[in-house]
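J.:
Protein chains in written order, with the working numbering: chain C, 193 to 308; chain B, 943 to 1058.
(1) In whole angstroms, what is the alpha-carbon distance linking residue 1003/B and residue 273/C?
(2) Under 8 Å between the Cβ atoms of residue 1027/B and residue 1018/B?
(3) Quick check: is the beta carbon of residue 1008/B nearer than 8 Å to any beta carbon in chain C?
(4) Just the chain C side, please: which residues come within less than 7 Å of residue 1046/B by C-beta, in chain order?
(5) Out of 239/C, 254/C and 258/C, which one is the CA nearest neighbour of residue 248/C?
(6) Could you list the residues in the stretch 955-983 of chain B with a C-beta less than 8 Å from some C-beta on chain C, going in chain order?
(7) Starting from residue 947/B and walking both ways along the beta strand (DSSP E), at which residues does that stretch end?
(8) Does residue 1025/B come out as helix, strand or coil in the three-state DSSP assignment?
(9) For residue 199/C and residue 270/C, I'd like the C-alpha separation in whole angstroms.
(10) So residue 1020/B is in the beta strand (DSSP E); what residue range does that whole segment cover?
(11) Between the beta-carbon of residue 903/B and the beta-carbon of residue 980/B, is there less than 8 Å?
(12) For a test of the three-state rule: what should DSSP assign to residue 1003/B, helix, strand or coil?
(13) Does the beta-carbon of residue 299/C have 16 or more other beta-carbons within 10 angstroms, so that it is buried, or is it exposed?
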């Protein structure tokens, strides 16, 4: 079974600061994928970034980067130069064996608030 | 805009009733996933269809059923509704074929169901 743990229910950050959202995972699969989604107050789920378990380099997408530490089973999201529009819920998710169920397993989320 | 459409956006109904939620995937995507987001359970996978066939089942109640039609749109049927079924129901789509490259799932805007 797969499990995602996000230990920060809420975070408050000053605008323009960098922020790290924590995510740890547990799986017995050798191959898996890790995802981050953003959910603004409007409710939609927005895909941010993906990291494969065999990727040697950390994934980056604009201001988002994923700090992947496989031995520690962590996949933290780093947002550089935070903006007011980054205020939202952030979910870490994983998918396991690509030949099996392709469902996403989500963590409980972290509510990020950017202060001006 | 993810390209995934869901209707209706909001649904208010009474206990014991039956409702149907509809989802149209992104053009070219063969897989459709249904997720439920509630305050107490978080985001949970319900069921996946791939090219018309059920592929994986999650925590879906027996009162709930789904199908994917030849044009690839999907419907989630919820019957004998209870207060606890009130939630945000997401549909997501992806290319879906088993692959070592994890295709991200694109989420629709969700249907907010309120059971009174």
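Every residue gets a Cβ at the ideal spot worked out from N, C-alpha and C, and that includes glycine. Remember, predicted model here, so these are calculated numbers, not experimental data.
T.: Taking the definition as stated:
(1) Approximately 43 Å between the Cα atoms of the pair.
(2) Not a contact, by the Cβ cut-off of 8 Å.
(3) Closer than 8 Å: no.
(4) By Cβ distance, chain C contributes 227, 239 and 242.
(5) Comparing Cα-Cα distances from residue 248/C to each of 239/C, 254/C and 258/C, the minimum goes to 258/C.
(6) Taking 8 Å as the Cβ-Cβ cut-off against chain C, the residues of the stretch 955-983 of chain B that qualify are 973, 975 and 977.
(7) That run of the beta strand (DSSP E) goes 947-949.
(8) In the three-state DSSP reduction, residue 1025/B falls in the helix class (H, G or I).
(9) Taking the straight line joining both Cα atoms gives about 15 Å.
(10) Residue 1020/B -> beta strand (DSSP E) spans 1016-1020.
(11) Limits of chain B in this structure are 943 at one end and 1058 at the other, which puts residue 903/B out of reach.
(12) In this structure, residue 1003/B counts as coil in the three-state DSSP scheme.
(13) So residue 299/C counts as buried.
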